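Quick mapping for you: the protein sequence lines, in order, are chains A and B. Quick note on the numbering used here: the first sequence kicks off at 1 and runs consecutively. Quick note on the numbering used here: the second sequence kicks off at 1 and runs consecutively. Virtual Cβ for every residue (Gly too), placed ideally from N, Cα, C. No experiment lies behind these values; they were computed from the predicted model shown. Here is the structure we will look at, set down as C-alpha cells.
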Amino acid sequence: MKVDCTIDGKTLSLSLNSDKPLSLVISENLGSGSGTNHCNGNLCGMCAVLIDGKPMLSCLVPAFELRGKEIQTFDGFRRTKACKDIEKAYDAVGAYPCSDCYEARTIIFHSLIADEVTDRAEILKELSVIKCSCMDPEDQVAIVRQGMAIRSGKRVRRIQ
Amino acid sequence: MADRKNFSRYKMRCGMLMRSDSCGRKIEEITLPKQGQYTLLLTAKDIPGSNSLPFFSDTREMMASERIAYPGQIICALFAPDYEIAAMQMRTIEAKLSEDESFEEPAMPDMLEYSWGEFTPDEEEKAKLKTVESAFTLSHESHPTNIMYTVTAWRENSKIHIETPCEWVDLIKSAAAAAIMYPKESIVIHQLPHRSRYDEFLINPAIVSAIAAVAVIRTGLPCEIKDMTVFSRPGIEVRRKTITDEDGKPLSETVSMTVDMGASPLIPEEYQRQAMTGLIPPYPLKEFHGSVDIRSSALAPAAFTGSLGYSEALASTEYHISRLAEATEMTPYAYRGNIEKRRFTDYLPGFELEDQRKTMTAAATASTYERKWFANNFQRHSFGILGYIKGIGLASGTGISGFSTTFARAAKFRSMMTYTQKHNVTINTSALNHPNMQKIWRTLISDKINPGHPETVMFLDPSQDTLDAGPDVLSRIISSLTPQLESAARKLAVLKDEEALPVSVMFDAQNTALPCEFQNAGYATVVAEIIINETDFYPTVTAVWADIILPQMLNEASLRNAVKRSILSTIAECGFMIPLDFEMHLGITATGTDTTVSSLASLMKALTIGALSNALYQVAGKEGSMLPTSSSMLEKVLGRSQI
C-alpha cells in the first residue's frame, strides 16, 4: 500500500506492506541510524518516536496508521532546542542514559517536560515503558525536574 | 578516517541471516528454489576463503558447514533488493537436514590447578575442626537481545570497506580478509559508535562483516546486514570446602570451578587465569587447592560478558565467606572485618585490607546492615504471617582489569607515541572509540610533555599502519592503556631533549612487567536488600548501597554513571526486578595515592552478584540461591517451606 506521511520534516510517499511496523520502516526503508532496537512488539520501549507530538513505541504502529501523520524520530528531534534543554539537564544532574536507550528516554523525558509532569510516581511510571535498566530512578526524576527548570527559565527570560 | 560512501539504497542488497533453532543436525543441502538475478543465497560452501573466525589461538566456524553445532548458529544468509523481499524469500528456503547427535568436542586446555601449603592436623586437632561447604551456580544463558546493529560493506577500487560497531577492529579485518582471501591491508573499517553492555560487539560483528564482505564480492554491490546482538554467558559451578578451627578461622580450602563454554572455546587458558584470581580467597590459609576446568557442550559458544571469569569467581568467594561467617555465628560484616592479610600469590599480590574495611564500614553503616541482617534472620520463618520476606547481602573485594601478564606478553598489543619536528605529540593506536577518554589522555600526556597545551597531542586516524592495541574488553583500554600512555609520555619528555626529532616510544598496550598475573586496584563493597512477597514471588531489589575507594578518578560523572549501570544491569541479569521506588546510594573516594586506574565494571558486577546471592541465601537458603533467580524457582522453594 501507498502511505503518505511526514518523517522528520520530509513529506514522503512510501510503498509498504500495510502491517510493517514503523520501527522497521525507519530502519529498513529510510536507512536511518535512529532506532537501533527491534523487539518485535515485546515492549522493550527503546523505539519511541513522536507521532503528532505524542510519544509512541514505533514497533507497535503499523504502516497503515501512518497516513497523514507527522513523525519525528530522534534523528529529527536531536536538532531541536527541546533536545538541547534535555542534554543540559543531563549535564546538570550528571547522569546520562546509555547509548541503547538514549534516544527513547530523551523523547520520553521531552514529553514529560512538555506536559509538565512533576509527580515522582507518574514520571517513573511513564519511564518504566523503557526496559533498559541503566538509570537510577532518582536521577530520572531529577532530570525531568531539571529540564522543566531550564525550560521555565527560558520562558521567564522571554517574558522579561 | 575514510568517509562513508553515500550510495543509494536502491543500488544495494539487504541481507538477512538464518539461524538454527536446534542443534545436532547434519546439513544435507540448502537451496533457494526461486533464486532470481536479484537475490543471493550464501552458505558456508560459498565462502571463497576460510569459514573460520580466528580468535587468538582458537577458531570458530562462521556459518554451519556440515553440521549444526549449537542452537543459534548461522546456517545461511540471503541478500535481496530490500528487506521485505529478503524476508519473503527466506520463507522459501529449503533446508534438508538429517539427525546427527554426535558432538565433536573442541580441543580444551587441561584443568588449571594452583595450590600452596599443606595442612596435616593430628588426631586431637581433627576433633576440633569444622567443615564448611558451599556450592555456587550461575547457569549458562544465551539469548538475542533487542539491540539491532547494521553492518554495511562496499567495494571501492581494490578495497573493501566495512562499517560496523565493533570492539576490535583487527578481528573484523582478519575475519573479512580470511573469508574473501584479500590482504588485511585492503580491508578498511569504519567504526560505528556503540555501547557494549555484555561485549556483544566483539565476536558476532566480525562474523557478520565477513559474510557481508563475501556478498559484496559475489554481487558487486554494496551489501547491508541487520542482526540482533546476542548475550551469551558460560555456565559456572563452584564447589568449595573449607576446614576451620574451632573459632571459625579458615585453615585449609579446596575449591573447584567447572565452566561450560558451549560449542567453542573462548580463550580458555586466559579464562582459567582470570577465574583462579577470583577464586583465591582474601584470608590467609595454611593449605589451598584450586582448580578451574573448562568444558564444552552443544550450547551457544560463550562470549565475554563484561568479565572473563573473574567476576563470577569473586562472587562465589564472597558467597562462601558469608557461609563461613554463618558457621561461626557471626554476621558476614563482622566476620569480614576480622580477616587478616593474605600472602602473595602468583595471581594477585597480598594487598592491605584497610581500604577495603573502610568501604565495608561505610556501606554497612549507611544500610544499617547489621540490624537488618539480624531482623531478617529473625523473621525468616514468618513468611506466611508477614506476607513478604526480606534479605540483605554484602560483598566486598578488589578489582583487576585487562588481560593477565602472561596473556599480554604473548599477545603483544602495542601503541606508539611520537614527538614530531613540529613539537606535536602523535599517538598511533587502534584504541580510538572512547572520545571522552581521549580528551583526558590528551591532558595527561600534555601535562608530562607540553604542560597546558593538550591541543598539541593528536591521535592518528586509522590507517594501514595503525598499531593494534587489542580488543576493547575488560576495561583494558581505559584501565590498562592509561598508565602505559603516562609512562610513555614521561619517557618521551626526556627523549625529546636528548635525541634528534622526530623521536618515538613504542610501548605495550598493557603492563607486561608485573610480578603477578594481575595488579589489584580499587576496593569496593556492595550491600543489596531484596524483598519477595507472598503473592507473586517476584524477586525484587529494593535498595543498593555501594562504597568505592580508588587510587585516582579521571572523571567522576562518567565513573558514577558506569558504576550505576554496571550494578543495575547485573541486577537485571540475575533475574531480579527493579521497582519504581528503588534506591541506590553510591559513595566514591579517590585517595590520590598512586596513578593506577582500576576497572570498576567487572568489580561491581562481581560484588553485585555476590551481594544478591547472599541476600537470596538469607531468604531462600541453599536451594533457592542459584542465579539467575526467578519467581517460579522461589515459589517452589519458599512455597514448599511454608507448607
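Which residues in chain B sit within 8 Å of A:K125, going by Cβ to Cβ distance?
Per Cβ cutoff of 8 Å: L580.
Using DSSP bridges, identify the partner residues of B:C14.
Answer is B:A80, B:E224.
Buried or exposed (CB count within 10 angstroms, at least 16 for buried), B:M1
With a pLDDT of 46 at B:M1, under the threshold of 50, the modelled position of that residue is not reliable, and no figure is offered here.
Which whole-angstrom value is the C-beta distance of B:A606 and B:A363, which I expect to be below 8 Å?
About 15 Å separates the Cβ atoms of B:A606 and B:A363, ruling out a contact at the 8 Å cut-off.
Within chain A, partners of B:Y83 - CB distance below 7 Å:
Going along chain A in sequence order, the residues near B:Y83 (Cβ under 7 Å) are E28.
Between the C-alpha atoms of B:F576 and B:P502, what's the straight-line distance to the nearest angstrom?
Rounded to whole angstroms, B:F576 and B:P502 show a C-alpha spacing of 56 Å.
Compare the Cα-Cα distances from A:G31 to each of B:Y347, B:Q35, B:D170, B:Y10 and report the closest residue.
That would be B:Y10, whose Cα lies nearest to the Cα of A:G31.
Element boundaries [alpha helix (DSSP H), containing B:A546]
Per DSSP, B:A546 belongs to no alpha helix (DSSP H); it is in the beta strand (DSSP E), 539-550.
Whose C-beta lies closer than 6 Å to the C-beta of B:A77 among residues of the same chain, with five residues either side of it excluded?
Only G15, L17, L42, I211 meet the Cβ criterion.
Test: A:D8 CB closer than 8 Å to a CB of chain E
Judged by its chain identifiers, the structure shown contains no chain E, and its protein chains are A and B.
Are the segment 47-64 of chain B and the segment 251-270 of chain B touching by the rule of at least three beta carbon pairs closer than 8 Å?
The answer is yes - the segment 251-270 of chain B touches the segment 47-64 of chain B, with three or more Cβ pairs under 8 Å.
Simplified DSSP assignment, three categories, for B:M1:
Model confidence at B:M1 stands at a pLDDT of 46, short of 50, so the residue's coordinates are unreliable and nothing is read from them.
What do you get for B:A496, buried or exposed, if any count of 16 or more other CB atoms within 10 angstroms of its CB means buried?
The residue asked about is misnamed: residue 496 of chain B is Lys in this sequence, not Ala. Burial call: buried.
Taking CB distances under 8 Å as the criterion, tell me whether B:A557 reaches chain A.
Yes, its Cβ sits closer than 8 Å to a Cβ of chain A.
Host beta strand (DSSP E) of B:N428 (start-end):
Residues 425-428.
The alpha helix (DSSP H) that contains A:K125, what's its start and end?
Note, A:K125: alpha helix (DSSP H), 120-127.
Spatial distance of B:I643 from B:F288 (CA atoms)
Note that B:I643 has pLDDT 43, beneath the 50 cutoff, so the model's placement of it is unreliable and no number is given.
Return yes when the Cβ of B:P106 is within less than 8 Å of the Cβ of B:V230, no when it is not.
Not a contact, by the Cβ cut-off of 8 Å.
Starting from B:P332, follow the alpha helix (DSSP H) in both directions and report where the run begins and ends.
Under the DSSP assignment, B:P332 falls in the alpha helix (DSSP H) whose first and last residues are 332-337.
Would you check if the distance between the CB atom of B:I548 and the CB atom of B:L627 is smaller than 8 Å?
No.
Is any beta-carbon of chain B found at less than 8 Å from that of A:S128?
At a cut-off of 8 Å between C-beta atoms, A:S128 counts as an interface residue with respect to chain B.
Rounded straight-line distance, which links the Cα of B:G278 to that of B:S415:
Between B:S415 and B:G278, the C-alpha separation is close to 29 Å.
Keeping to the same chain, check which residues put their C-beta closer than 6 Å to that of A:E70; ignore five residues upstream and five downstream.
Counting only Cβ-Cβ distances below 6 Å, and skipping sequence neighbours, we find T6, D52.
Straight-line gap, B:E534 to A:M135 (C-alpha atoms, nearest Å)
Taking the straight line from one Cα to the other gives about 28 Å.
Is it true that the CB of B:Y335 sits closer than 8 Å to the CB of B:F136?
Judged by beta-carbon spacing, B:Y335 lies beyond the 8 Å limit of B:F136, meaning their Cβ atoms are not closer than that value.
Nearest-angstrom Cα separation, counted from A:M1 out to A:S15:
Just so you know, the alpha carbons of A:S15 and A:M1 end up roughly 6 Å apart.
Is there a C-beta anywhere in chain B that falls below 8 Å from the one on A:S18?
Not one chain B Cβ lies under 8 Å of A:S18.
Could you tell me whether any non-hydrogen atom of the ligand SAH is closer than 7 Å to the CB of B:E124?
For the structure depicted, the ligand SAH is absent and the ligand set is empty, with no information on it obtainable.
Contained beta strand (DSSP E) runs [length at least 3] in the segment 320-399 of chain B, N- to C-terminal order
The qualifying runs are 388-398.
Taking 6 Å as the limit between beta carbons, can you name the residues of its chain near B:T152, skipping five residues before and five after?
For B:T152, where only same-chain residues beyond five positions count, the Cβ hits under 6 Å are E163, E224.
With a Cβ-Cβ cutoff of 8 Å, do B:G220 and B:Y70 count as a contact?
Against a cut-off of 8 Å, the Cβ pair of B:Y70 and B:G220 comes out as no contact.
Compare the Cα-Cα distances from B:G337 to each of B:T361, B:M506, B:V637, B:E326 and report the closest residue.
Minimum Cα-Cα distance from B:G337 among the listed residues B:T361, B:M506, B:V637, B:E326 corresponds to B:T361.
In chain order, what residues of the same chain lie with their CB nearer than 7 Å to the CB of B:T426, ignoring the 5 residues before and after it?
In the same chain as B:T426, and ignoring 5 residues on each side of it, the C-beta atoms closer than 7 Å to its own belong to T418, T420, M458, L460, in chain order.
Which partner residues of B:D199 appear in the DSSP bridge assignment?
When DSSP reads this structure, B:D199 sits in no beta bridge, so it has no partner.
Does the segment 96-105 of chain A come close enough to the segment 42-52 of chain A to have 3 or more Cβ pairs within less than 8 Å?
By the Cβ criterion, the segment 96-105 of chain A is in contact with the segment 42-52 of chain A, since at least three pairs of Cβ atoms, one from each stretch, lie closer than 8 Å.
Any beta carbon from chain B within less than 8 Å of A:D75's own beta carbon?
Chain B contact via Cβ: absent.
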